[in-house]
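The structure under discussion appears below in the form of structure tokens.
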Amino acid sequence: MYLAWKEMRHSRTRFIMIGIIYVLIAWLVFILSGLGNGLSTLAAATFKNMAADYVVFEQGSKASMTKSLLSGDLAEELMALPQVQSASPMGIVLSSALKEGGSSDEEKVDIAIIGIEPGSFLEPAVVEGEGLSPERPAFAIANESLKDAGFRVGDVFQLDGSTEKLTIAGFVRNETYNHVASVFVPIGEWRKIAFAAPGSDKGVANPVNAIMLQGKDIDPAAIDDRLPGTMTVTRSAAVQGIPGYKEESGTILMMLGFLLVIGALIVGVFFYVFTMQKTHQFGIMKAIGAKNGYLAKAVVAQVFMLSVAGIGAGILLTYGTAAVMPEGMPFNLDVRLLAFYSLLLLAISLISSLASIRKVLKIDPMKALGRLE
Amino acid sequence: MNRGLKLSSVSKYYQEGSERIVALDRVSVSVEPGEFVAVVGPSGSGKSTFLSVAGALLKPSEGEVLVNGHNIAQLEDRQLSDIRLREVGFILQASNLVPYLNVLDQLLVVRRMAGKVRAQDRAFAAQLLEELGLGDKMDRFPEELSGGEKQRVAIARALVNDPGVILADEPTASLDTRRAHEVVSLIAQEVKARGKAAVMVTHDERLPGYCDKVYRMEDGKLSPAR
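In order, the protein sequence lines correspond to chains A and B. In terms of the numbering used here, the first sequence is residues 26 to 398. In terms of the numbering used here, the second sequence is residues 451 to 676.
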């Protein structure tokens with residue numbers, strides 16, 4: 026630590042320059058991770074929040090809600106299967122809401138209408154107003170982002186392409202699907218909206234998109250065998266099946282991966298070149314008795330201090346950026362995610378210094394004798 | 451225990467392609483504490499190899515090297531760096547200071563390699579620098595010092611761990627005549643006062659006057675010069 030710090034203080038410019046690069050990389054890593062987290066929340070929060078463990082889809086639907094159509098009556102058969110604690114149907118349809126009495130010029134709000142059994146484990150807790158009830162089929166609970174569009178509890182809104190009207194009974198927090206606000210309605214009401222056109226239910230009795238299961242260690246293959254025409258997957262596989270989800274998070278992850286590799290290379294190459302320049306100096310230190318470990322520790326300490334300072338500054342800048350970001354930007358900084366990427370950056374930087382350490386170990390103290398530099 | 455430096459019939463060979471180069475050819479020499487010995491000779495004569503073997507940088511191919519009583523032929527690399535740290539003080543050519551440490555830290559880093567820096571180590575380092583006329587330059591960096599001052603720092607650094615053996619490799623290489631005399635006389639003075647066994651390798655014919663004995667190195671063979 027001692028040597029490392031003395032040198033960093035003496036060669037300030039050099040370390041400040043590499044430090045700035047490090048800060049920029051860390052900053053971009055954190056922003057991308059926040060953006061990725063925000064986007065995936067927006068795309069799948071409703072799915073991720075659900076207390077379900079497995080999802081039963083129609084066979085051949087590739088674990089996608091939009092491609093799957095099942096009979097809700099399957100729920101009872103599923104309940105009878107081993108390990109299944111509870112089963113509840115669910116349906117999703119994308120629509121848009123127009124406030125009643127509003128002029129047609131008024132902005133429409135895109136929403137995802139999610140049909141569930143009132144009171145089932147799929148119903149999220151309201152943060153304002155009341156929950157769903159079978160007695161009030163045309164009442165809905167909506168994500169609180171609708172408040173920004175001017176909706177209040179008790180407001181009635183019309184749905185695009187449907188004659189159905191829904192009244193807001195309450196608001197829920199952090200419920201989005203496919204990048205739009207989720208609006209939960211009783212499953213019967215959902216059927217009226219989703220299958221308004223005659224024949225669009227393909228004659229399936231009590232149609233739904235999927236049936237969510239609760240229960241540990243359910244064997245999906247066993248269910249597929251018992252109920253022909255179905256396909257059971259874990260909830261996380263169902264999240265992956267949301268249209269565009271894999272592509273979206275894959276893009277961000279790829280950028281993050283590249284960024285981490287680039288960061289490692291920059292730090293690694295900087296210290297490698299720096300070490301090469303100091304070959305003679307390391308040779309002298311070894312000649313006067315410095316052990317390999319002592320010198321290697323100095324290199325590691327420099328990488329460590331640079332990384333910690335760079336990551337720290339990057340975190341501060343990221344929070345600063347988040348504070349000035351426009352509302353509605355899908356940016357969601359998660360402390361756990363931040364900690365994860367910080368440690369990953371630190372680890373990658375330390376690993377990248379191995380090349381320099383190898384170089385230090387190989388320096389011959391004989392270099393210190395003879396030739397004047 | 452056998453203090454000082456003692457080489458008995460030491461040889462060092464290098465393999466260069468299919469040829470075997472004899473860098474040291476049965477060299478025997480003994481330097482007692484308080485004795486200052488010069489080794490002169492043209493470049494390529496084996497002076498550097500001699501210094502490397504005497505300073506525990508290289509192990510001999512044959513023969514026995516006793517550095518303050520430690521036979522280095524039997525030691526591991528780790529133990530060799532310990533010998534260099536505790537038993538040997540190197541004074542190298544001009545650019546041998548660590549550029550980012552100030553004069554006092556140049557000395558203390560050597561103490562630090564050996565363990566903790568205690569208050570008495572700090573005091574001893576300051577006293578050494580005072581003795582060598584650097585009392586007012588302790589917080590300077592090498593780039594702010596003249597060539598002669600740098601070599602005086604190197605002398606102080608060689609002494610700070612109180613080693614038994616002092617080895618100087620062309621300590622006057624970049625100095626003018628007046629400074630060269632100044633530096634070598636300082637080395638001689640410290641060696642005598644502190645009872646160190648000292649060897650200076652040089653090709654500078656002006657200097658051996660300060661030494662008790664002068665040897666000549668030629669083609670790996672060491673012989674008394676006078």
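For glycine and all other residues, C-beta sits at the position ideal for the given N, C-alpha and C.
At least 8 Å separates the beta-carbon of A:M280 from that of A:M75. For the region 33-46 of chain A, the beta-carbon criterion of a distance under 9 Å to any beta-carbon of chain B is satisfied by M33, R34, H35, S36. A straight line joining the alpha-carbon of A:L369 with that of A:G339 spans about 14 Å.
Under the Cβ distance rule, B:R534 counts among the residues neighbouring chain A, one pair being separated by less than 8 Å. According to the DSSP assignment, B:R666 belongs to the beta strand (DSSP E) that extends over 663-668. Of all residues in the region 641-674 of chain B, none has a C-beta nearer than 7 Å to a C-beta of chain A.
By the C-beta density criterion, A:Y344 is exposed, having fewer than 16 other C-beta atoms within 10 angstroms. Under the Cβ distance rule, A:K316 counts among the residues neighbouring chain B, one pair being separated by less than 8 Å. In this structure, B:A506 is the residue among B:E512, B:A506, B:L557 with its C-alpha nearest to the C-alpha of B:H520. Beta-bridge annotation (DSSP): A:F164 is paired with A:T192. B:E581 and B:K600 have their alpha carbons spaced roughly 15 Å apart.
Nearest C-alpha to A:A150 among A:H204, A:F196, A:Y297: A:F196. Neighbours of A:K384 in chain B, taken as residues at a C-beta separation under 7 Å, are lacking, since the least C-beta distance is about 17 Å. Between A:I243 and A:F72, the alpha-carbon positions lie close to 19 Å from each other. For B:K456, the enclosing beta strand (DSSP E) begins and ends at 455-466.
In the DSSP assignment, B:R470 forms a beta bridge with B:Q465. When DSSP states are grouped into helix, strand and coil, A:N231 belongs to the coil group. Assignment of B:P658 by DSSP, reduced to helix, strand and coil, places it in the helix class. Between the region 139-149 of chain A and the region 103-117 of chain A there are three or more C-beta pairs closer than 8 Å, enough to call the two in contact.
If you look at A:I139, you'll find it in the beta strand (DSSP E) that goes 134-141. For B:Q601, the enclosing alpha helix (DSSP H) stretches over residues 597-609. For A:A51, the closest Cβ of chain B is not nearer than 8 Å.
Going by DSSP, A:S111 is part of the beta strand (DSSP E) stretching over 111-124. Using a Cβ-Cβ cut-off of 8 Å, A:K311 counts as an interface residue toward chain B, since at least one Cβ of chain B sits closer than that to its own.
Among the bridge pairs identified by DSSP, A:V258 is matched with A:V80.
The count of Cβ pairs closer than 8 Å, one atom from the region 479-495 of chain B and one from the region 519-533 of chain B, stays below three, leaving the stretches out of contact. The three-state reading of DSSP puts A:P211 in strand, counting E and B together.
The contact set of A:L362 on chain B, defined by CB atoms closer than 8 Å, is empty, because the minimum CB distance reaches about 38 Å. With 16 or more other CB atoms across the displayed protein chains lying within 10 angstroms of its CB, A:V134 is buried.
Distance between A:G85 and A:S225, taken at the CA atoms: about 18 Å. Residues of the region 561-574 of chain B with a C-beta less than 7 Å from any C-beta of chain A: R562, M563, listed in chain order.
CA-to-CA, the gap between A:D180 and A:P351 works out to about 27 Å. In this structure B:A643 is exposed. Its beta-carbon is surrounded by fewer than 16 other beta-carbon atoms within 10 angstroms.
If you keep only unbroken alpha helix (DSSP H) runs of at least 4 residues inside the region 338-380 of chain A, you get 360-377.
Counting C-beta pairs closer than 8 Å gives three or more between the region 361-376 of chain A and the region 283-292 of chain A, which meets the contact rule.
When Cβ-Cβ separations below 8 Å define contact, B:L542 makes contact with chain A.
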